[in-house]
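*Asks:*
Residue numbers (full-length UniProt numbering): 1 to 539.
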């Protein structure tokens with residue numbers, strides 16, 4: 001007599017165990033898929049960001065971008081898992097419950113059940129769509145707060161120098177308050193959505209229970225049927241709640257992904273066809289570098305370079321000097337194709353830079369930038385960034401050429417010393433020497449120096465410039481030097497003086513001093529301040 005009930009109870013237990021086991025098996029199998037999806041999407045967005053031109057990166061905020069990438073990648077994983085594992089099973093469960101109600105109790109019950117489902121879905125879709133702008137505002141506020149926090153942490157020294165900790169904290173708190181307002185609104189509208197969904201279900205449940213009670217009074221149904229229909233309707237509540245939750249979460253995921261898709265829609269700049277490890281240097285011997293009637297403007301109303309022409313012959317050294325804002329550093333950006341010229345052309349080895357694969361072009365140019373940027377890694381790793389395949393001996397030789405040996409000898413870990421965020425553990429001069437070593441290690445046929453020794457004392461500068469002249473001796477490098485301190489470029493093969501984006505004067509140091517123009521005036525001014533060699537003034 002107990003066999004049948006026992007079998008039913010055992011069957012129920014086995015079914016529950018099977019349900020849990022299958023769910024965990026699903027999670028076990030899908031874990032690799034979901035994490036791979038996050039990885040692929042995050043890498044794709046990262047590669048796209050690195051391909052965007054310099055103009056984009058000059059305007060962006062690191063913290064906001066980081067937040068957008070993280071939120072967007074994880075939302076794609078959430079969207080896929082919700083769609084695969086909830087939409088189809090939920091739709092099937094609703095169809096089965098509605099069919100059982102219709103078959104067991106007739107069309108009136110079925111109509112009430114379908115009406116409840118329809119009203120639930122329509123309300124969920126309509127109200128969820130109204131919540132989208134609020135969610136977008138919350139995400140924007142979150143990105144702003146995160147961006148400000150990252151920005152102030154990156155510029156920690158500036159905050160400390162000016163004693164603005166309280167001011168930055170107040171600004172961050174104001175941004176957090178904006179996020180708080182939107183987050184509260186998101187939660188409140190979610191509560192209204194949930195209450196509305198439960199209200200619709202309660203009305204539907206009450207209607208069907210009244211229909212069943214009426215059927216009992218007419219003798220067409222039993223009390224057991226009332227219990228059955230009540231159980232079926234609560235079984236229907238589970239998939240309905242899933243429908244509401246799935247639709248809501250999918251919409252939130254789409255909102256989170258929206259900012260990421262906006263990034264992906266931005267047109268990238270020129271992209272290398274092959275990775276650095278895969279390509280071979282196509283520019284071998286020192287090439288000629290020519291700026292031919294070049295014009296360029298960051299904004300249409302403000303022309304930076306205006307009809308500029310000059311040539312650096314193979315193996316020669318040309319220096320660019322002039323007042324701040326005359327376009328000196330812009331020339332490097334045009335040479336590297338961070339921007340394309342507005343008029344004229346820039347050629348390397350007789351070929352327009354726009355005709356090169358950008359990877360091949362940049363592989364042939366070494367640079368020591370004005371604003372030295374170091375990674376939060378070791379000194380050795382930062383130097384090796386110039387040539388990741390270089391041997392330890394080559395790294396040490398580059399360090400010697402950049403006069404880094406005294407610094408390394410004073411550090412217990414030498415090349416394994418971590419330089420900190422943006423190299424803040426090093427002085428300005430030490431960072432410039434690491435950048436010089438990086439350029440020496442790259443050993444490119446074209447070398448550019450943008451105020452490369454501005455943070456060095458005169459003695460160290462003189463020693464390093466001697467090393468660099470030896471490095472580029474016998475015409476082995478085509479060299480472009482942008483300098484403020486004229487004493488560092490006095491022995492250049494040619495000096496080009498810029499004024500308002502045009503060539504004002506050109507010639508050797510001796511010729512320009514005899515001419516007595518702008519260059520001679522700059523030299524005299526620096527000599528008075530002690531920036532130039534004593535005894536030589538404009539004649």
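Beta carbons are placed, not taken as given, at the ideal position from N, Cα and C, and that holds for glycine.
Excluding sequence positions up to five away, which residues of its chain have a Cβ less than 7 Å from the Cβ of residue 483?
*Replies:* 319, 321, 451, 489
*Asks:* Assuming residue 116 contacts residue 238 under a Cβ cut-off of 8 Å, what Cβ separation, rounded to an integer in Å, is found between them?
*Replies:* In fact, because the Cβ distance is near 14 Å, the residues do not count as touching under 8 Å.
*Asks:* Does the separation of the CB atoms of residue 296 and residue 346 fall below 7 Å?
*Replies:* no
*Asks:* Could you check whether residue 97 and residue 110 sit closer than 7 Å to each other, using their CB atoms as the reference points?
*Replies:* no
*Asks:* Which residue comes first and which comes last in the alpha helix (DSSP H) that contains residue 543?
*Replies:* For the chain, the structure presents residues 1 to 539; residue 543 sits outside this window and is missing.
*Asks:* Got a sec? Which residues, its chain only, sit under 7 Å from residue 171 by beta carbon, not counting five neighbours each side?
*Replies:* If you ignore the 5 residues before and after residue 171, its C-beta comes within less than 7 Å of the C-beta of 148, all in its own chain and listed in chain order.
*Asks:* According to the neighbour-count rule (16 or more other Cβ atoms, all chains shown, within 10 Å of its Cβ), is residue 449 buried or exposed?
*Replies:* buried
*Asks:* Counting only runs of 3+ residues fully inside the segment 295-365, write out the beta strand (DSSP E) ranges in chain order.
*Replies:* 302-312, 317-322, 343-348
*Asks:* Where does residue 492 land, buried or exposed, given buried means 16+ other C-beta within 10 angstroms?
*Replies:* buried
*Asks:* Exposed or buried, which one is residue 105 when buried takes at least 16 other CB atoms within 10 Å?
*Replies:* buried
*Asks:* Taking the beta carbon of residue 403 as the centre, do at least 16 other beta carbons fall within 10 Å, making it buried, or is it exposed?
*Replies:* buried
*Asks:* If you count every other CB in all the chains shown that lies within 10 Å of the CB of residue 155, and 16 or more means buried, which is it?
*Replies:* It counts as exposed.
*Asks:* Looking at the structure shown, is residue 204 part of a helix, part of a strand, or coil, going by DSSP?
*Replies:* Helix.
*Asks:* Could you name the residues of the same chain whose beta carbon sits closer than 7 Å to that of residue 447, not counting the 5 residues immediately before and after it, in chain order?
*Replies:* The beta carbon of residue 447 lies closer than 7 Å to those of 366, 439, 472, 477, 479 in the same chain, with the five residues before and after it left out.
*Asks:* Taking residue 436 as part of the alpha helix (DSSP H), name the residues at either end of that continuous run.
*Replies:* 428-442
*Asks:* Considering residue 421, what are the terminal residues of the beta strand (DSSP E) in which it resides?
*Replies:* In this chain, residue 421 is not harboured by any beta strand (DSSP E), its DSSP state being neither H nor E.
*Asks:* What are the boundary residues of the beta strand (DSSP E) that residue 502 is part of?
*Replies:* Taken as a continuous stretch (DSSP letters only), the beta strand (DSSP E) holding residue 502 covers 502-507.
*Asks:* Would you mind reading off the limits of the beta strand (DSSP E) that contains residue 480?
*Replies:* 478-482
*Asks:* Report the residue from 302, 431, 307 whose alpha carbon sits nearest the alpha carbon of residue 383.
*Replies:* 431
*Asks:* Give me whichever residues DSSP pairs with residue 495 in a beta bridge.
*Replies:* 319, 507
*Asks:* Compare the C-alpha of residue 124 against each of 78, 435, 197 and name the closest.
*Replies:* 197
*Asks:* Using the rule of at least 16 other Cβ atoms within 10 Å of the residue's Cβ for burial, across every protein chain shown, is residue 371 buried or exposed?
*Replies:* exposed
*Asks:* With which residues is residue 488 paired in a DSSP beta bridge?
*Replies:* Answer is none; residue 488 lacks a bridge partner.
*Asks:* Comparing alpha-carbon positions, which option in 175, 505, 50 lies nearest residue 141?
*Replies:* 175
*Asks:* Suppose contacts are defined by Cβ-Cβ distances below 7 Å. Is residue 325 in contact with residue 305 by that definition?
*Replies:* no
*Asks:* Provide the residue(s) that pair with residue 291 in DSSP beta bridges, ordered along the chain.
*Replies:* 310, 346
*Asks:* Between the segment 71-83 and the segment 200-219, do three or more beta carbon pairs fall short of 8 Å?
*Replies:* no
*Asks:* Should the segment 346-363 be regarded as contacting the segment 508-525, the criterion being three or more beta carbon pairs within less than 8 Å?
*Replies:* no
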